[in-house]
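Enquirer: Before I ask anything, here is the structure I am working with.
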Amino acid sequence: MEFYKDKNGNVIEGFLGDSNECEILFILREPNNNGEEPDDFWFKRVLTGKATNGKRYLRTLGSLYNVINDKKDTSDRAFTENLKKCCYINIHPHFGYSSASKEYKTTLEDFKSKETEGARNRWNIIDELIDNYGCKYVITVEDIFSAIYSELNTKLHEDEGFVYENKVFRSCEYRGASIYEFYHPSYPISYEKIGLRGKV
Numbered sequence: 005m006e007f008y009k010d011k012n013g014n015v016i017e018g019f020l021g022d023s024n025e026c027e028i029l030f031i032l033r034e035p036n037n038n039g040e041e042p043d044d045f046w047f048k049r050v051l052t053g054k055a056t057n058g059k060r061y062l063r064t065l066g067s068l069y070n071v072i073n074d075k076k077d078t079s080d081r082a083f084t085e086n087l088k089k090c091c092y093i094n095i096h097p098h099f100g101y102s103s104a105s106k107e108y109k110t111t112l113e114d115f116k117s118k119e120t121e122g123a124r125n126r127w128n129i130i131d132e133l134i135d136n137y138g139c140k141y142v143i144t145v146e147d148i149f150s151a152i153y154s155e156l157n158t159k160l161h162e163d164e165g166f167v168y169e170n171k172v173f174r175s176c177e178y179r180g181a182s183i184y185e186f187y188h189p190s191y192p193i194s195y196e197k198i199g200l201r202g203k204v
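Note that this note's numbering has the sequence shown beginning at 5, numbered continuously upward.
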């Protein structure tokens, strides 16, 4: 499995804790670094409290973990422990901006068709994390969910999916794992309002 590496050969995505305890894969768009090539594992800085805007990511993704696993502790300490049982990748890991770059949009189109080496690498990582590392859930943003769903010969789940206020998010199955869509973790939300159909 080939996670993305920076120019110095350091892995800057992947497992946030022990690879043998990985439960959830988060798939995001691209790094927000003003078009510069990333040079560190930014998401691990979220866990140590040293990442810009990291609290919002920690609390949103930690809350999603809570909802799936029916956990109640909403402390930052608990959210940090939650995310240590997760993994993350970007669809376009090379660079990015505060809004989706044109390179990301092109890469997402490639991802739908699996026609490029980079797209196949992303799919291979997803497949291996589900098949060999026991990731039971994949959580991603709406446009990436649409890209995944368009590639799969599957149906949307009628009775699964995150709920936030009046919005019901989509869910489907892939290789035995549940795929969920939700807002991007930088989106401002009230964490206590997140629900899961059947648990709302």
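Note that beta-carbon positions come from the ideal geometry of N, C-alpha and C, so glycine has one too.
Provide the residue span of the alpha helix (DSSP H) that contains N136, from first to last.
Expert: Residues 121-137.
Enquirer: Just mark V145 as buried or exposed, buried being the case when its beta carbon has 16 or more other beta carbons within 10 Å.
Expert: So V145 ends up on the buried side.
Enquirer: Please list the segments of the alpha helix (DSSP H) lying wholly inside the segment 10-54, counting only runs of 4 or more residues, in order along the chain.
Expert: Listed in chain order, they are 46-52.
Enquirer: In whole angstroms, what separates the C-alpha of I143 from that of I28?
Expert: Cα to Cα, the separation comes out at about 7 Å.
Enquirer: In the DSSP assignment, the beta strand (DSSP E) including V167 goes from what residue to what residue?
Expert: That run of the beta strand (DSSP E) goes 166-168.
Enquirer: Rounding to the nearest angstrom, what Cα-Cα distance links F166 and G66 in this structure?
Expert: One C-alpha to the other measures close to 14 Å.
Enquirer: Given this structure, state the Cα-to-Cα distance separating N128 from C26, to the nearest angstrom.
Expert: Spanning the two alpha carbons is a distance of roughly 16 Å.
Enquirer: Pick helix, strand or coil for S105, following the three-state DSSP scheme.
Expert: S105 falls in the coil class under three-state DSSP.
Enquirer: Measure the C-alpha to C-alpha separation of I93 and E34 and round it to an integer number of angstroms.
Expert: Roughly 9 Å separates the two Cα atoms.
Enquirer: Under a Cβ-count criterion, where at least 16 other Cβ atoms within 10 Å of its own Cβ denotes burial, should E40 be classed as buried or exposed?
Expert: It is exposed - the Cβ of E40 has fewer than 16 other Cβ atoms within 10 Å.
Enquirer: From Y8 to K75, what distance separates their C-alpha atoms?
Expert: Their Cα atoms are separated by approximately 32 Å.
Enquirer: For the candidate residues Y141, D80, S117, whose alpha-carbon lies nearest to that of Y195?
Expert: If we check each option's Cα against that of Y195, D80 comes out closest.
Enquirer: Three-state secondary structure (DSSP) at V145?
Expert: V145 falls in the coil class under three-state DSSP.
Enquirer: Can you tell me which of the three DSSP states S190 falls into?
Expert: Looking at S190 - three-state DSSP - the assignment turns out to be coil, as it is neither helix nor strand.
Enquirer: CB I95 to CB T111, shorter than 7 Å?
Expert: Yes, they are a contact pair.
Enquirer: Would you kindly check if the distance between the Cβ of F115 and the Cβ of R126 is under 7 Å?
Expert: Closer than 7 Å, so yes.
Enquirer: Let me confirm a value: V15 is counted as buried when at least 16 other C-beta atoms fall within 10 Å, else exposed. Which label applies?
Expert: Its Cβ having fewer than 16 others within 10 Å, V15 is exposed.
Enquirer: Since L87 is in the alpha helix (DSSP H), which residue starts that stretch and which ends it?
Expert: First-last of the alpha helix (DSSP H) with L87: 80-87.
Enquirer: Alpha carbon to alpha carbon, how far is G53 from E107?
Expert: Near 29 Å, if we compare the C-alpha coordinates of E107 and G53.
Enquirer: For N70 and T64, which I take to be in contact (beta-carbon distance under 8 Å), what is that distance rounded to the nearest angstrom?
Expert: N70 to T64, Cβ: 11 Å. No contact.
Enquirer: Within 10 Å of its beta-carbon, does V204 have 16 or more other beta-carbons around it, so buried, or fewer, so exposed?
Expert: Confidence is the limiting factor: at V204 the pLDDT is only 43, short of 50, which leaves the residue's position unreliable, though a coordinate-based value still follows. V204 comes out exposed.
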